[in-house]
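Structure first, commentary second.
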Amino acid sequence: MTEADRTGEAGETDLGRALRALRRRADLSQRELAEKSGVPQPTLARIESGRAVDPRFRTVERLVRAAGGELAVGVPATPVITDPTPVPHDDMRDDAGRRYPAHLDVWPVYEPRDWPGAWWAEWYRLPPERYPLPLPPAAYELNRRYRDNRRWGAEVRRAVQVRRLVGDLPAACWRYVAELPDGQSVGELRAHERSPHLERGEWHPGMAEREMVLDGVLVDPRYRRLGLGRRLVTALLTDMRAAGVEDAAALAEDAGIDLLLACGFEIEARRPAALRLGRTRRQSYG
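Going left to right, the sequence shown walks through residues 50 to 335 as this note's numbering numbers them.
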């Protein structure tokens with residue numbers, strides 16, 4: 050890290066940004082890191098804001114170690130925090146010009162739906178002139194469980210890879226899996242090709258020669274609502290179109306209907322209805 054890297058445009062040392070990045074990775078507030086390191090919270094705040102011009106090396110070391118980071122010494126003897134991941138919202142400010150908490154996930158507020166309190170109160174049903182309070186420039190979630198789930202979901206979406214299985218399958222079979230880096234399968238899609246005019250016993254000049262039938266999409270319950278089903282369907286649609294297959298058919302119910310509609314499918318009334326054999330669901334009226 051060069052001297053230019055250690056100093057920001059406004060004279061703020063990179064040390065403050067690095068400490069905020071470490072706190073975010075450790076999911077610690079300033080108060081929590083101060084208690085864990087034994088460094089007073091006002092001291093930590095001054096270092097992060099750049100108001101502490103020359104903090105003691107021992108103070109910085111205690112903060113970095115408590116946040117799970119590593120400390121190196123450059124030449125001249127300057128503390129350098131190795132490989133901190135920047136805080137995504139570090140450049141955002143509230144109405145008073147203050148930074149938002151580094152360890153939280155902050156997002157801009159453009160409408161009431163972006164602000165949890167206003168969303169739950171259904172402000173979006175009101176015209177802007179009737180909002181009880183002005184909308185803030187940004188919002189964040191204080192509930193750690195919600196925050197951890199959101200970050201876990203973002204990491205899963207980033208890490209999961211969707212690929213088509215080839216090899217010991219019939220030529221007309223299309224199979225895709227969604228996998229984590231360790232090879233764990235968290236989703237699967239199966240489909241097959243057919244000739245529409247043979248299946249329906251009819252043919253006309255405008256009918257497609259090949260059609261894809263979506264047999265099913267399955268996602269591990271722990272990994273649902275992360276967009277993996279849509280990624281599987283999108284991979285199938287992309288590859289089949291590249292292979293010259295333009296038409297696809299599917300039978301779906303409940304959430305599967307919403308998934309396919311979001312992927313561009315349309316409800317086709319002339320298709321046969323889905324049938325069920327066995328125990329049927331009873332509707333209760335009361």
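The beta carbon of each residue, even a glycine, is placed where N, CA and C say it ideally should be.
Next on the checklist: Considering just the uninterrupted stretch of the alpha helix (DSSP H) at Y195, what are its terminal residues?
Outcome noted: If you number the sequence shown from 1, residue 195 lands on position 146. Looking at the DSSP string, the run of the alpha helix (DSSP H) that includes Y195 is R193 to A208.
Item to check | A240 versus L263, T287 and E315, residue with shortest Cα-Cα distance | outcome: Position 191 of the sequence shown holds residue 240. It is L263 whose Cα lies nearest to the Cα of A240.
Next on the checklist: Residues in the same chain with beta-carbon distance under 7 Å from R69, minus the five sequence neighbours each way, listed in chain order, please.
Outcome noted: Working through the sequence shown from its first residue, we reach residue 69 at position 20. Excluding positions up to five away in sequence, the list reads E97, V136, D139 and A151.
Next on the checklist: Taking only three categories from DSSP, how would you classify Y272?
Outcome noted: One-based indexing of the sequence shown puts residue 272 at position 223. It is helical.
Checklist entry - What are the residues that DSSP puts in a beta bridge with M261? => result As a first step, residue 261 must be located in the sequence shown, where it is residue number 212. M261 pairs with E242 and A297.
Checklist entry - From which residue to which residue does the beta strand (DSSP E) around W156 run? => result On the sequence shown, position 107 is the one that residue 156 refers to. V155 to P157 is the span of the beta strand (DSSP E), which, as asked, contains W156.
Checklist entry - Buried or exposed: where does A121 fall if 16 or more other Cβ atoms within 10 Å of its Cβ makes it buried? => result Residue 121 sits at position 72 when you count from the first residue of the sequence shown. Exposed is the call here.
Next on the checklist: Quick check for students: name the residue ranges of the alpha helix (DSSP H) that lie wholly in the region 133-174, counting only runs of 4 or more.
Outcome noted: 165-169
Next on the checklist: Tell me which residues share the same chain as L77 and place their Cβ nearer than 6 Å to its Cβ, disregarding the 5 neighbours each side in the sequence.
Outcome noted: Indexing the sequence shown from 1 puts residue 77 at position 28. Hits under 6 Å: H152.
Item to check | Nonlocal neighbours in the same chain, by C-beta distance under 6 Å from L326, ignoring five residues either side | outcome: Mapped onto the sequence shown, residue 326 falls at position 277. Hits under 6 Å: none found.
Checklist entry - Would the beta-carbon of L64 fall within 8 Å of that of V109? => result As a position in the sequence shown, residue 64 is number 15, starting the count at 1. As a position in the sequence shown, residue 109 is number 60, starting the count at 1. Yes, these two residues count as a Cβ contact at 8 Å.
Next on the checklist: Let me make sure I understand the geometry here. Which of A203, G293, P230 and R207 has the alpha-carbon closest to that of E242?
Outcome noted: For this step, residue 242 is matched to residue 193 along the sequence shown. Among A203, G293, P230 and R207, the Cα nearest to that of E242 is on G293.
Item to check | Contact check, P177 vs V158, beta carbons under 8 Å | outcome: In the sequence shown, the residue the question calls residue 177 occupies position 128. In the sequence shown, the residue the question calls residue 158 occupies position 109. No, Cβ-Cβ distance for P177 and V158 is not below 8 Å.
Item to check | Spatial distance of V88 from G166 (CA atoms) | outcome: Here residue 88 refers to the residue found at position 39 of the sequence shown. Here residue 166 refers to the residue found at position 117 of the sequence shown. For V88 and G166, the distance between alpha carbons rounds to 34 Å.
Checklist entry - Which residues in the same chain as S234 place their Cβ atom closer than 6 Å to its Cβ, once the five residues preceding and following it in sequence are excluded? => result Counting from 1 along the sequence shown, the entry for residue 234 is found at position 185. Same-chain partners within the cutoff: V226 and E228.
Checklist entry - Just checking, does the region 208-222 make contact with the region 185-195 on the three C-beta pairs under 8 Å criterion? => result no
Item to check | Residue from R280, F314, D303 and A291 with nearest C-alpha to R206 | outcome: For the purposes of this step, residue 206 is taken as residue 157 along the sequence shown, with counting starting at 1. It is R280 whose Cα lies nearest to the Cα of R206.
Item to check | Own chain residues within Cβ distance below 7 Å of W172, not counting five before or after | outcome: Taking the sequence shown and counting its residues from 1, one reaches residue 172 at position 123. For W172, where only same-chain residues beyond five positions count, the Cβ hits under 7 Å are P161 and Y180.
Item to check | C-alpha distance - I316 paired with N198, whole-angstrom precision | outcome: Stepping through the sequence shown from its first residue, residue 316 is reached at position 267. Stepping through the sequence shown from its first residue, residue 198 is reached at position 149. Using only the alpha carbons, I get a separation of about 34 Å.
Item to check | A318 versus R147 - alpha carbon distance | outcome: Mapped onto the sequence shown, residue 318 falls at position 269. Mapped onto the sequence shown, residue 147 falls at position 98. Distance between the alpha carbons of A318 and R147 is about 56 Å.
Checklist entry - What residue does the beta strand (DSSP E) around A227 start on, and which one ends it? => result On the sequence shown, residue 227 is found 178 positions in, with the first residue counted as 1. C222 to E228 is the extent of the beta strand (DSSP E) around A227.
Next on the checklist: Once DSSP output is grouped into helix, strand and coil, what is the label at R105?
Outcome noted: As a working note, residue 105 is residue 56 in the sequence shown. It is coil, neither helix nor strand.
Next on the checklist: If the criterion is Cβ atoms closer than 8 Å, does the pair L275 and G216 meet it?
Outcome noted: On the sequence shown, residue 275 is found 226 positions in, with the first residue counted as 1. On the sequence shown, residue 216 is found 167 positions in, with the first residue counted as 1. No, these two residues do not count as a Cβ contact at 8 Å.
Item to check | Residue burial classification, A101 (beta-carbon count within 10 angstroms, cutoff 16) | outcome: If you number the sequence shown from 1, residue 101 lands on position 52. So A101 counts as buried.
Item to check | Environment of S333 [buried if 16+ CB atoms lie within 10 Å] | outcome: Here residue 333 refers to the residue found at position 284 when the sequence shown is read from its first residue. Confidence at S333 is low in this model, with a pLDDT of 42, below 50, so its placement is unreliable and no value can be given for it.
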